[in-house]
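For reference, the structure is listed below as C-alpha cells.
6 protein chains.
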Amino acid sequence: MGKVVTLGEIMLRLSTETGIRLSGAHHFQAHYGGGEANVGISLANFAHEVYFASKVPDNALGHAVKRHLNSYGVSTKHLLFGGDRLGTYYMEAGVGERAASIIYDRAYSSFAEMTTLEWDMETLLEEVDILHLSGITPALSKSWKALVMRCIQIAKNHEVKISFDINYRGKLWSQKEAGETIRQILPYVDFCSAGKMDALYLLGMKEYKGNEDELIDYYQQMQKAYPNIQLFYSTKRTVHSASAHTLVGTLWMNEQYYESCVHVMDPIVDRVGGGDAFSAGILHGILEEKEAQTIVEFATAASALKHTVHGDCSPFSVEEIESFMAAGSGKIDR
Amino acid sequence: MGKVVTLGEIMLRLSTETGIRLSGAHHFQAHYGGGEANVGISLANFAHEVYFASKVPDNALGHAVKRHLNSYGVSTKHLLFGGDRLGTYYMEAGVGERAASIIYDRAYSSFAEMTTLEWDMETLLEEVDILHLSGITPALSKSWKALVMRCIQIAKNHEVKISFDINYRGKLWSQKEAGETIRQILPYVDFCSAGKMDALYLLGMKEYKGNEDELIDYYQQMQKAYPNIQLFYSTKRTVHSASAHTLVGTLWMNEQYYESCVHVMDPIVDRVGGGDAFSAGILHGILEEKEAQTIVEFATAASALKHTVHGDCSPFSVEEIESFMAAGSGKIDR
Amino acid sequence: MGKVVTLGEIMLRLSTETGIRLSGAHHFQAHYGGGEANVGISLANFAHEVYFASKVPDNALGHAVKRHLNSYGVSTKHLLFGGDRLGTYYMEAGVGERAASIIYDRAYSSFAEMTTLEWDMETLLEEVDILHLSGITPALSKSWKALVMRCIQIAKNHEVKISFDINYRGKLWSQKEAGETIRQILPYVDFCSAGKMDALYLLGMKEYKGNEDELIDYYQQMQKAYPNIQLFYSTKRTVHSASAHTLVGTLWMNEQYYESCVHVMDPIVDRVGGGDAFSAGILHGILEEKEAQTIVEFATAASALKHTVHGDCSPFSVEEIESFMAAGSGKIDR
Amino acid sequence: MGKVVTLGEIMLRLSTETGIRLSGAHHFQAHYGGGEANVGISLANFAHEVYFASKVPDNALGHAVKRHLNSYGVSTKHLLFGGDRLGTYYMEAGVGERAASIIYDRAYSSFAEMTTLEWDMETLLEEVDILHLSGITPALSKSWKALVMRCIQIAKNHEVKISFDINYRGKLWSQKEAGETIRQILPYVDFCSAGKMDALYLLGMKEYKGNEDELIDYYQQMQKAYPNIQLFYSTKRTVHSASAHTLVGTLWMNEQYYESCVHVMDPIVDRVGGGDAFSAGILHGILEEKEAQTIVEFATAASALKHTVHGDCSPFSVEEIESFMAAGSGKIDR
Amino acid sequence: MGKVVTLGEIMLRLSTETGIRLSGAHHFQAHYGGGEANVGISLANFAHEVYFASKVPDNALGHAVKRHLNSYGVSTKHLLFGGDRLGTYYMEAGVGERAASIIYDRAYSSFAEMTTLEWDMETLLEEVDILHLSGITPALSKSWKALVMRCIQIAKNHEVKISFDINYRGKLWSQKEAGETIRQILPYVDFCSAGKMDALYLLGMKEYKGNEDELIDYYQQMQKAYPNIQLFYSTKRTVHSASAHTLVGTLWMNEQYYESCVHVMDPIVDRVGGGDAFSAGILHGILEEKEAQTIVEFATAASALKHTVHGDCSPFSVEEIESFMAAGSGKIDR
Amino acid sequence: MGKVVTLGEIMLRLSTETGIRLSGAHHFQAHYGGGEANVGISLANFAHEVYFASKVPDNALGHAVKRHLNSYGVSTKHLLFGGDRLGTYYMEAGVGERAASIIYDRAYSSFAEMTTLEWDMETLLEEVDILHLSGITPALSKSWKALVMRCIQIAKNHEVKISFDINYRGKLWSQKEAGETIRQILPYVDFCSAGKMDALYLLGMKEYKGNEDELIDYYQQMQKAYPNIQLFYSTKRTVHSASAHTLVGTLWMNEQYYESCVHVMDPIVDRVGGGDAFSAGILHGILEEKEAQTIVEFATAASALKHTVHGDCSPFSVEEIESFMAAGSGKIDR
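Chains as they are written, first to last, in UniProt numbering: chain A, 1 to 334; chain B, 1 to 334; chain C, 1 to 334; chain D, 1 to 334; chain E, 1 to 334; chain F, 1 to 334.
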C-alpha cells in the first residue's frame with residue numbers, strides 16, 4: 001500500500017434534484033468535494049494511507065468537511081482550520097437534453113486566500129509516495145501559482161512523485177494564463193492527466209488529422225515535450241445527453257497507448273467526480289505496479305461506477321470494482 | 001415586447017412520484033396549471049406583458065393559483081375570485097411501458113360554472129396584441145360555448161389577434177360536438193394550433209395518402225378552408241415509452257411548411273404542458289417577428305426543455321432556450 | 001374464480017433509493033414480500049379467493065405483514081403468529097451498469113424455524129384449486145424439506161393441483177442439494193416454473209445446441225421426465241443494464257411451445273417480484289381456462305407492469321393489464 | 001366479539017405538514033377517512049367483525065379507499081363502486097396558537113348523490129349487533145335525510161342496535177335544520193354521542209347553571225327526553241393551543257355519570273378522528289359488556305392515543321390500549 | 001392603501017431540519033429573506049403597493065429572489081441585477097434548550113458591494129408614503145453608511161416618511177460604531193423600532209430602575225432625545241427555550257405607552273422574521289390610521305402567527321390575522 | 001488528553017418518524033449505535049484518543065458501522081469483521097403520552113456469537129487510561145460472561161482503569177442473573193454508572209426511606225460494599241411524557257454527593273444515547289481532572305444536548321457544551 005498526499009480546495013456543493021431548477025428549489029442536497037479530496041477518498045477506499053491537505057473555516061461547515069473525509073478513512077491531520085468561508089457552488093441537475101447548470105460562489109474561501117504554505121512541509125511530505133495536485137489550485141490566485149511551484153519543489157527534494165491533473169476550468173482563468181503556468185509545472189510532473197483539449201490549447205500542440213485514435217498522437221507529442229512524465233491518462237467521454245454517456249479510458253505508458261473497454265452509463269446518477277475516480281484508479285495501479293491494460297480497465301470501471309452514485313467521491317473498494325468488472329452490466333447475484 | 005391575454009381554466013394537479021400508483025400513494029405533488037395559464041407564464045418568462053383571465057375560488061387554493069402566476073410575473077389583475085371550487089385532477093406518473101393515468105375531478109369548478117363574461121372586457125382587451133384561447137373552454141359548458149364566441153367577437157372589435165389551440169380532449173366532449181363548435185370559431189382565428197387528428201376528425205378533412213410529411217397536406221387543406229388563419233402549428237411526437245419521446249415542431253406560415261430538428265427526450269421528467277410551451281414559443285416568434293424557421297426551432301426547443309422539469313409551466317427564459325439551442329444535448333459549461 | 005393457497009416465507013425488504021449505497025444510507029424503504037405472498041396478492045387482484053399460509057412473529061412487523069396482505073384482499077386466516085423474528089434483507093438499488101446488491105438476514109426467522117405443519121391442514125386445503133409453493137421453502141431447513149413433501153401429499157389427497165416455482169437461490173443451497181430435493185417434488189407437480197438453468201443444473205439434463213429457441217428442447221426433455229406436469233413456464237430476460245431489460249414470456253402447454261411479444265422495460269423501477277407477477281399471470285390463465293397464447297401474453301404483460309412500480313407485489317387488476325396490452329407502450333388517454 | 005356495520009361517507013384528506021400553509025404547499029399528505037369508517041376500523045382493530053357501507057367512485061381513489069379499509073380488516077363487501085367523485089377536503093395543519101384550517105370540497109360525491117339505499121339491506125343487517133351512523137349523513141342532502149330514517153327503521157326491524165354520533169358540522173347545515181332532523185332520529189337510537197352543545201342548540205334544552213360537572217345535567221335532561229337511549233357519551237376537550245389539549249371522557253350509563261382520568265395531549269400529532277376513536281372505544285365496551293368506568297377509561301385512552309399518530313383512524317389494538325393505560329405517560333420498556 | 005418602498009439586503013438562508021446539525025446535514029431547506037424584504041412582503045399581503053429596492057446577482061439565485069417577492073405581489077421594478085453573489089447564511093435549527101446556530105457568509109454580496117445609489121431615486125420615491133430601512137444596511141460598509149444618509153435625505157425632500165428598524169447585529173459592527181451612525185440617522189426618522197438594549201447601549205441612555213414596565217421610561221427618554229419620531233415600537237420576548245417563547249408587543253404613540261396581550265408561542269416553527277412581521281403590522285396600522293391599541297394588538301398577532309410557519313416572511317392577510325385574533329388559540333372551525 | 005478503549009456491541013437502529021407506527025411505516029431512519037460506541041464517539045469529540053473494540057459482519061452494514069465511527073474520529077483499528085449479522089432493533093418513535101416501542105432483533109449477531117477475545121489484547125490495552133464496558137455485554141451469552149471477566153483482569157494487569165455502566169436490560173436477563181454477574185465485576189471497577197434501581201435489585205441493597213435526596217444513601221451503601229470504586233454516577237430523569245423530561249445529573253465522588261442543575265428537555269428529539277452522553281461527560285471530567293461539580297454539570301449538559309439531535313451518539317464538542325452551559329436555554333447569538 002502506498003502513502004499519498006492530495007492537496008487542493010474542497011467545496012460545498014448545493015444541488016437540486018432531477019427536474020427541479022435552482023430558481024425554484026425549496027431545498028438543496030449538500031455534498032462536499034473537490035478533485036484532490038475525491039482522489040484522496042478513492043485511494044483511501046483502495047486501502048492506501050492518504051492525507052488531504054487543505055484549509056477550511058473553523059465552523060460547522062469546516063467540521064463537516066473533516067467528518068466527510070474521516071468517514072472514508074482519509075487523515076485530516078493536515079487539514080487546516082481558519083479563514084473566512086468555505087467555497088460553495090450551486091448545481092442544477094441536468095437531465096436528458098438539458099445539461100447541468102452551475103453557479104460558482106468560491107471566491108474569498110479559506111483555501112483560495114492562503115498566501116503561504118501553512119503546513120509543516122517536512123511532516124507533510126515525509127515518506128510520501130505521491131503528491132497529487134491539480135490545475136485548479138494555481139488558477140485560484142497569484143499566490144497559489146507561486147505556492148504550487150514551491151510545493152512541487154519541496155516534494156521533489158523529498159523524492160515524492162508528482163501527480164498532476166490539468167483539469168482546465170474556463171471560468172477560473174484564460175487558456176493563455178493557464179498555459180503559461182502549466183508549462184512551468186509539467187517539467188516536474190511524473191503522472192499527468194491530460195486530454196486532447198489540454199494538448200491543443202494549453203500546451204500549444206497542433207491538431208492532428210486523419211486518425212480515429214487521435215489521442216495517441218497527442219500523447220506522443222506531449223511525451224516528447226515532457227520526457228520526465230511517466231504516464232499520461234484521460235477519458236474519452238461521449239455525451240449523448242445529460243443522462244447518458246459512453247466512457248473509454250485511455251492511458252499512455254511505457255511509450256504505448258492503451259484503451260479500456262466501453263462503458264455505457266445510462267442513466268447517470270451524478271457525473272461530478274467521475275474524472276477523479278478515474279485518476280485515483282490510475283494512481284492505484286501505479287502504486288500496486290499493475291500492468292497498463294489492467295490499470296486502465298480498473299480506472300475506467302471505477303469511474304463508471306462513480307456515475308451510479310450521488311456525491312462527489314467514489315465509495316467503491318478494490319473488491320467491489322473488480323467484482324463489477326467480472327460480473328457484466330446490471331447482473332445481480334442471488 | 002407584446003401584450004397578451006390568455007383566458008381559460010387553471011386546475012390543481014395532484015400527482016404521484018415515479019413508481020407509485022394513485023391507489024397506493026401516501027402523498028401527492030401539487031402543481032397548478034392549465035393550457036392558457038401555461039402559455040401565459042412562458043410568455044411572461046419571455047418578457048412580454050401577460051394577463052391571465054380566469055376565475056378561482058376565494059380560498060387558499062385560489063390564492064395559491066395567484067401566487068403561482070405572480071411568481072412568474074403574470075398579472076392577476078383579471079383573475080376573479082369566487083365560486084365553489086378549484087378543478088382538480090389526479091395523475092399517476094407513467095414510466096417505461098406504463099403510461100400516465102389521469103382521473104379528472106373538474107366539474108362544478110368556479111370557472112366551469114361561469115355564465116357571463118364577468119370581466120370588464122374593455123379594460124381586459126385594451127391595447128392587447130394577442131388573446132389566447134383553447135378548445136377546452138367551450139367544451140366545459142353550453143354557457144362557455146357562447147361566452148367564447150362573444151369574447152372573440154369583442155376582441156376582434158378591439159383589433160386583437162386571436163390565438164386558438166384546438167386541444168381536443170375526448171373526456172370532455174365528442175368529436176362531433178367539438179367539430180361543430182370549433183368550425184364556428186376558426187373563421188375568427190389568426191394563429192391556430194392544430195394537428196392531423198384535428199384536421200381529420202374535427203374539421204372533417206379527408207385523409208391524405210402517399211406522403212411522409214403528411215402534415216403539409218393537412219395544413220394546406222386547413223388554410224384553404226380558413227384563409228383568415230395566418231399560421232398553423234403543432235408538434236409531431238413519437239412515443240417510444242412514457243419515459244422517452246422524440247419531438248419535431250411543425251409550422252405552416254406564409255403558405256410554406258417548416259419543421260424543426262428532432263429532439264430526443266429521454267428520460268422525460270414531466271410531459272404535462274409540453275404543448276403549451278410550444279405554443280408560447282410560436283406566439284413569441286410572432287410577437288418578435290422572427291423568421292419561420294427560427295420560430296419553429298425556438299418553440300420546439302422550449303417544448304423539449306419543458307419536458308425536463310416538474311410542473312405544468314415552462315420556467316425558461318429566451319436566453320436559456322437560445323443557449324440550450326446553441327450548446328447541444330447535455331453539454332455542461334465549466 | 002378460483003380458490004388458491006400460497007405457502008412460503010415473507011420477509012421485510014429494506015432498500016436504498018437509486019444512487020444511494022447501503023453503507024451510506026440514512027434511511028431505508030420498507031417493503032414486505034416473498035415469492036408465494038407476491039403470487040397470492042396478484043391472484044387476489046385478479047379477483048380469486050386467496051389464502052396466504054405462513055408464520056410471522058407476533059410483533060409490529062408481523063402485524064405489518066398482515067396489513068400488507070389484507071390491503072390487497074388476501075386472507076390471513078392461515079397466517080400464524082409466533083416465533084422470534086421476521087426474516088429481512090437489505091437491497092442496494094442497482095442502476096445502469098451497477099447491479100443491485102443484496103445482504104440476506106433471514107436465518108432463524110419464525111417461518112424458517114418451523115418444524116411441524118402448524119396449520120389445520122384440512123381447513124387449509126378444503127376445496128382449494130391450487131396450492132402454490134416454491135423451491136425456496138425446502139431450502140430453508142431439513143425440517144422444511146420433509147414438511148414440503150408432507151404438505152404436497154396432503155394436498156394431493158384433497159385433489160388440489162400443485163403449482164411449483166423452482167426459484168433456485170445459490171445463497172441458500174447447493175445445486176446438488178437442490179437437485180436431489182426438487183427431483184423428489186416434481187413427480188407431484190401440475191404447473192411448474194422452470195427455465196434452462198433449472199433443466200441443466202438442477203434436473204441434470206444435457207445442454208442442447210443448434211437452435212435459437214432452445215427453451216423448446218428443455219421443456220420437451222422436462223416433459224418427458226415428468227409427464228405429470230401439465231405446463232412449464234418461465235421468462236427469457238435480457239439484462240442490458242440494471243435499468244433496462246427486455247422480457248419475453250415462454251410457456252409449454254399441451255406439448256406446444258408459446259412465446260409472448262417482447263417487452264422493453266426501460267427504465268425499470270423495481271424488478272423484485274417480476275417473476276412472481278408472471279407466475280400469477282399464468283395461474284390466472286389456468287384458473288380461467290384461457291388459450292395458451294393469451295395466457296403467456298397476459299402473464300408477460302403483468303410482469304412487465306410490475307417492473308414499473310416500487311414494491312415486491314403487483315398491484316394491477318385484470319382490467320388494467322388488458323387495457324395496457326391494448327394501448328401500446330406509454331400511450332396516455334386524455 | 002360483535003358484528004357491526006358502520007355506514008357513512010369516506011373522503012380523501014389532503015393535508016400539509018406542520019409549518020406549511022395550503023397556499024404554499026408543494027405536496028399534500030393523503031389520508032382517507034370519515035367518522036363512520038374510522039369507528040369501523042377501530043372496532044376491527046379490537047377484533048370485531050366490521051362492515052363499512054358506503055359508495056365511492058370506481059377509480060383509483062375508490063380502490064385506495066378499499067385497500068385502506070381492508071388493510072385494517074374491515075370488510076368492504078358492502079362498499080359500492082360508482083358515481084362521479086370521491087369527496088375531498090384540504091387541511092392546513094395547525095400548530096401552537098394557529099388552528100388548523102379546512103377547505104371542504106365534498107359536494108357531488110358518489111355518496112352524497114345517492115338517492116336510494118343501493119345495498120341489499122337484508123344481507124347488510126343480518127345478525128348485526130350494532131349499526132353505527134352519524135349526523136353528517138342526513139346533512140348531505142334531502143335524499144339522505146329520508147334514507148337515514150329508512151335505514152334505521154329497517155335496522156330496528158332486524159333488532160339491530162342503533163349507535164348515533166350527532167357530530168354537528170356548521171358548514172353542512174344550520175342548527176335549526178339539524179335539530180329538526182336529529183329529533184326525528186333520536187327516538188330510535190340506543191347509544192348516542194352527544195355533548196353540551198348538542199343538548200343546547202340542537203335539542204333545545206336549556207342551559208344549566210351552578211354546577212361544575214354540568215354534563216350530568218344535560219345527560220339527565222336528554223335521558224328524560226329520550227328514555228330509549230341506553231347511554232350518552234362525549235369528551236370534554238380543553239384546547240390550550242392547536243398543539244396541546246387535555247381530554248376527559250364522559251359517559252352517562254344506567255342513570256349514572258362517569259368520567260375518565262385526564263389525558264394531557266402535548267404535542268398533538270393529528271387530532272382528526274380523535275372523537276371517532278372515543279366512540280369506538282365506547283362501542284367496544286358495550287359489545288364486551290364492560291363496567292361503565294372501565295368503558296370510559298378505555299375509550300378515552302384510545303382517543304388520546306389516536307392523537308399521537310398521523311391519519312384519521314386509530315391503529316391501536318385492545319392490548320396496546322390496555323398496556324398504555326397501565327404504563328403511564330411516556331414510559332418505555334427496555 | 002399606502003405606497004411603500006423597503007430597501008435593504010436579501011439573502012439565501014440554508015437551514016437544517018429540527019434535530020439535524022449543520023455538520024451532519026445532507027440537505028438544506030432554502031428560504032430567501034431579509035428584514036426589509038420581509039416587511040415588504042407582509043405589507044403587500046396587507047394589500048399595500050410595495051416596492052423592494054435591492055441588488056442581487058444576475059443568476060438563478062437572483063432570479064429566485066425575484067420570483068419569491070413577486071409571488072407575494074411585491075414589485076421588483078427596483079430590484080437591480082448585477083454584482084458577484086447573493087449573501088447567504090446557514091442556520092442550524094434550535095430546539096428545546098439548544099438555541100439555533102448561525103454561520104454568516106454574506107460578505108462581498110452584490111448589495112454589500114454597492115458604492116452608489118444605482119436606482120433612479122426620483123422614480124423610486126415618487127408619491128411614496130413610507131420608506132423602510134434598517135440598521136443592518138449602514139453596518140455593511142463605509143459606503144453604505146453614506147448611502148443610507150443620502151437616501152434618507154432624498155426621501156425627506158420628497159416628503160416620504162422614514163421608518164427605521166435599528167436591528168442591531170453584534171456580528172456586523174460594534175455598539176460604538178453602531179451608536180455613532182444611528183444617532184446621525186434618528187433625527188430624520190418618523191417611525192422607529194427600538195427596544196431597551198438599543199436605548200442603553202446604542203443611544204447611551206441610562207438604565208432605569210424600579211418599574212416593571214420599564215419600556216415606558218426608555219421610550220420617554222428616546223422621545224425627548226428625538227422629538228421628530230412619531231412612534232417607537234418593539235416586542236418583549238421571553239425565551240423559555242428555543243421551542244417556546246412568550247411575546248408581548250409594545251408601542252409608544254402620542255406620548256402614551258401601549259402593550260398587546262400575551263402570545264404563548266409553543267412550539268415555535270421558525271422564529272426568523274418574527275420581528276419583521278411585527279414592524280409590518282405597525283406600519284399597516286399607521287397607513288390605515290388605526291387606534292394605538294388596535295395597532296399593537298394586530299402587529300403582535302401578525303408576529304405570533306409568523307412563528308407558526310417556515311420561512312422568513314409572513315404569508316398572512318389582514319383577514320386571516322383578524323380572524324385569528326377573534327378565534328382564540330388553536331380553535332378550529334368546522 | 002486520554003487514551004480510551006470502549007468495548008461492546010453496536011447495532012443498527014431502524015426507527016419511524018414521529019406519528020408513524022412500525023406496522024404502518026413505509027421507510028425507516030437508519031442509525032448505528034450502542035452504549036460503548038456512543039461513549040467512545042463522545043470522548044473522541046472531546047478530543048481524546050478513542051478505540052472502539054467490537055465485531056461486525058464483513059458486509060455493507062459492517063462497513064457502515066466503520067464509516068460512522070471514523071466520521072467522528074474514533075479509531076476502528078480494533079473493529080473486527082466477521083460473523084453472520086449485525087444486531088438490529090426497530091423503534092417506533094414515542095410522542096406525548098405514547099412511549100416509544102422497541103422490537104429487538106439482536107440475537108445471533110457477530111458480536112454476541114463471539115467465544116474468544118479475538119483481539120490482540122496486548123495491543124488493545126497498551127498505555128490505555130480507561131477501558132469502558134457495560135452490563136449489556138455479559139448479558140449476551142455465557143461466553144461473554146467469562147470473556148468480560150477475562151478482559152477486565154487483563155486490563156487490570158495493564159493498570160488500565162475500568163469504567164463500568166451497569167445498564168440493566170430486563171429483556172436480556174433476569175435481575176437475579178444480572179446481580180450474580182455484576183457482583184463479580186464490581187470489585188474490579190474504578191468508575192461506575194449505577195442508580196437506585198441497580199442498588200436495590202441488582203446489588204441487593206435495602207430501600208432507604210425518609211430522605212428526598214435518596215441517591216446519597218444508595219451511593220454510600222455501594223461505596224461501602226465496593227470501596228475500590230472511585231466514583232458513582234447516574235441521572236435522575238423525570239418523565240412527564242415521551243416528549244418532555246427533566247434531567248438532573250448526580251455524582252458521588254470523594255465521599256461526597258453532587259447534583260447538577262435541572263435541565264428541562266421539551267421537546268425531546270431523540271432520547272436514545274442520552275445516558276451514554278452523560279457517561280462520556282463524566283469520563284471526560286475524570287481524564288481532565290476537573291472538580292466534581294464541574295464534572296457533573298458538564299456531563300448533564302452534554303446529555304441534555306444529546307436529546308436535541310437525532311441519532312444515538314452526541315456530536316457536540318467541549319466548546320459547544322461549555323458555550324451551551326454559559327448561554328442559557330434557547331438563547332441565540334446574532
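Beta carbons: idealized from backbone N, C-alpha and C, even for Gly. Everything numeric in this text was worked out from a predicted model, so none of it was measured.
| Query | Result |
| --- | --- |
| Inter-residue Cα distance where the pair is L80 of chain A and G328 of chain F | 31 Å |
| Residue 407 of chain C, DSSP secondary structure in three states | Only positions 1 to 334 of chain C appear in this structure, which leaves residue 407 of chain C out of reach. |
| C-beta atoms of A53 of chain B and L14 of chain B nearer than 7 Å | no |
| Per DSSP, the bridge partner or partners of F28 of chain D | B:F28 |
| Expected contact under 8 Å - CB spacing of T308 of chain B and G24 of chain A to nearest Å | About 13 Å separates the two Cβ atoms, so there is no contact after all. |
| I295 of chain F to K55 of chain E span [Cα, whole Å] | 51 Å |
| Chain-order list of residues whose beta-carbon lies under 6 Å from that of E118 of chain C (same chain, five-residue window excluded) | L80 |
| CB contact below 7 Å: F28 of chain C versus chain F | yes |
| Members of the stretch 90–111 of chain A that neighbour chain E once the beta carbon cut-off is set at 8 Å | Y90, E92, S101, I103, D105, A107, Y108 |
| Beta-carbon neighbours of N59 of chain E, restricted to chain A and to distances below 7 Å | I103 |
| Buried versus exposed call for E92 of chain A [16 or more other C-beta atoms within 10 Å across all chains shown] | buried |
| For A107 of chain D and S109 of chain B, the rounded distance between their alpha carbons | 11 Å |
| At least three beta-carbon pairs within less than 8 Å, the stretch 148–161 of chain E to the stretch 116–131 of chain E | yes |
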